[in-house]
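Enquirer: The structure under discussion is supplied below as structure tokens; questions concerning it will follow.
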Amino acid sequence: MGDTIEFSELKPPERILMGPGPSNVHYRVYRALTTPIIGHLDPDFMKIMDDICEMLRFVFQTKNKLTIPISGTGSSGMEASFVNVLEPGDKVVIGVNGVFGERMVDVATRCGAEVIRIDEEWGYIIDPNRVIETLKKHPEVKVFAVVHAETSTGAMQPLEEIGKFLKGGETLFVVDAVTSLAGCELRVDEWGIDICYSGTQKCLSVPPGLSPITLSEKAVRVLHSKKSKAQSWYLDLSMIERYWGEERFYHHTAPISMLFALREGLRIILGEGLEERFKRHQTVGDYLKSGLMELGWKLFAQEGYRLPMLTSVILPDGLNDAEARRKLLYDYGIEVGVGLGKTRGKVWRIGLMGETCKRQNADALLLAIRDLIRK
Ligand SMILES: Cc1ncc(COP(=O)(O)O)c(C=O)c1O
Numbered sequence: 000m001g002d003t004i005e006f007s008e009l010k011p012p013e014r015i016l017m018g019p020g021p022s023n024v025h026y027r028v029y030r031a032l033t034t035p036i037i038g039h040l041d042p043d044f045m046k047i048m049d050d051i052c053e054m055l056r057f058v059f060q061t062k063n064k065l066t067i068p069i070s071g072t073g074s075s076g077m078e079a080s081f082v083n084v085l086e087p088g089d090k091v092v093i094g095v096n097g098v099f100g101e102r103m104v105d106v107a108t109r110c111g112a113e114v115i116r117i118d119e120e121w122g123y124i125i126d127p128n129r130v131i132e133t134l135k136k137h138p139e140v141k142v143f144a145v146v147h148a149e150t151s152t153g154a155m156q157p158l159e160e161i162g163k164f165l166k167g168g169e170t171l172f173v174v175d176a177v178t179s180l181a182g183c184e185l186r187v188d189e190w191g192i193d194i195c196y197s198g199t200q201k202c203l204s205v206p207p208g209l210s211p212i213t214l215s216e217k218a219v220r221v222l223h224s225k226k227s228k229a230q231s232w233y234l235d236l237s238m239i240e241r242y243w244g245e246e247r248f249y250h251h252t253a254p255i256s257m258l259f260a261l262r263e264g265l266r267i268i269l270g271e272g273l274e275e276r277f278k279r280h281q282t283v284g285d286y287l288k289s290g291l292m293e294l295g296w297k298l299f300a301q302e303g304y305r306l307p308m309l310t311s312v313i314l315p316d317g318l319n320d321a322e323a324r325r326k327l328l329y330d331y332g333i334e335v336g337v338g339l340g341k342t343r344g345k346v347w348r349i350g351l352m353g354e355t356c357k358r359q360n361a362d363a364l365l366l367a368i369r370d371l372i373r374k
């Protein structure tokens, strides 16, 4: 027998989570997480699954039958969106104006697709006219993909015009809504989006671990008519849909507690109402932005296209990024996000998502920043 090792009780500190996710979680969601589990094939669990799908349709603003939460974080939704429709040699157009567009390129390339990039400077949107011109030049393209809310830059990509152009054609419109879902307008059906995925840890305000996804009939037809199997067994939607559909065919053991949590998180959203929730994110986001500008700080993302739920701000000269974030975390209990990639050390990404999106949290941060720059 070896020596006994003792571990202290788990006691993470309280934090205001104002980074790019995870966001704070409502006590009702925590309560749902501790609900005793039942089996993932229990008839009573089936009802819970159906409730989740129905509420997800409401939040995605879609009637798509195949609307389910995938086991895994937001990146699993991204991966599922590509591996289930792409085959080696297929052409894909991807808008790249930040880390997550770049990640899409990586995933599509791993599927053996030929990627045509539309690059834009970080912080700026991709002009929908550029997208439409590129797609006109390449009518054979199987997928056009873009990030709605680029969490690495704070820019909000307009989608409607692109969706209108793609409607009725063969090209699938894939949208990353990891940060935007339930925080701002996103009309999957009306905007002609064929595949849309998200993550639970942002504006849905549920811990990380699930990726809600929805597929239009057109996308489902591509999924079913594909010649080769998806490169991923775990994310193969043609098998996963049999568990979420009438058959209830076992694929993998569903993360039951996380699904309980998502169901409660969705119930909270329905209780608040989508329009009210969007308004709250816009109002509190605007309030933070004006507070930062009053301090003389400059916003990073393109004016007119700034995300309500994530504010990217340029650090003033003389402020030590790492030191200031450390102080915010340890002295004030506030987490803000570091700049990603090219913007590291130059930008902060401040999230006001879901439960965190309250004026009192914006005030707490503004006060703390005033304190920090005074010292
Ligand atoms: C826009 C966007 N896409 C994808 C992801 C990946 O999600 P996850 O980290 O949950 O895998 C993130 C995470 O921050 C994101 O912000």
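Position 195 of the sequence shown, counted from 1, bears residue number 194 in numbering that gives the first Met the number 0, the numbering being contiguous throughout.
We put the CB at the ideal spot given by N, CA and C, even for glycine.
#1: With distances taken between CB atoms, is the gap from Y233 to P211 smaller than 8 Å?
#2: Use the C-beta contact count for H251: other C-beta atoms within 10 angstroms, 16 or more gives buried, fewer gives exposed.
#3: Let me know the secondary structure DSSP gives E139 once reduced to three states.
#4: Measure the alpha-carbon distance for N319 versus E53 and round it to whole angstroms.
#5: Nearer than 7 Å: is that true of the beta carbon of L61 relative to any heavy atom of ligand 1?
#6: Does the count of Cβ pairs from the segment 152-167 and the segment 120-129 closer than 8 Å reach three?
#7: So what does V145 bridge to, in DSSP terms?
#8: What separation, rounded to the nearest whole angstrom, lies between the Cα atoms of E354 and A148?
#9: Less than 8 Å between the CB atoms is what I'm expecting for I333 and L339, so what's the real figure, rounded?
#10: Between A260 and the rest of its own chain, which residues show a CB-CB distance below 6 Å, the 5 nearest in sequence each way excluded?
#11: Helix, strand or coil: how does DSSP classify V24 here?
#12: Measuring alpha carbon to alpha carbon, tell me which of K225, F6 and I4 ends up nearest D89.
#13: Going by C-alpha to C-alpha distance, which of S75, E246, I372 and T282 sits closest to P207?
#14: Using beta-carbon positions only, say whether Y286 and A361 come within less than 8 Å of one another.
#15: Is it true that the CB of V84 sits closer than 8 Å to the CB of K166?
#16: Threshold first: 3 residues or longer. Then list the beta strand (DSSP E) segments lying entirely within the segment 79-139, N to C.
#17: Quick check: does the Cβ of M77 come within less than 7 Å of any heavy atom belonging to ligand 1?
#18: Helix or strand or just coil, what does DSSP make of L234?
Expert: Considering the structure as presented:
#1: no
#2: exposed
#3: coil
#4: 47 Å
#5: Inspection of the sequence shows that residue 61 is occupied by Thr rather than by Leu. Outside the cutoff, so no.
#6: yes
#7: V174
#8: 18 Å
#9: In fact, because the Cβ distance is near 19 Å, the residues do not count as touching under 8 Å.
#10: V28, A31, L32 and V205
#11: coil
#12: K225
#13: S75
#14: yes
#15: no
#16: 90-95 and 113-118
#17: yes
#18: coil
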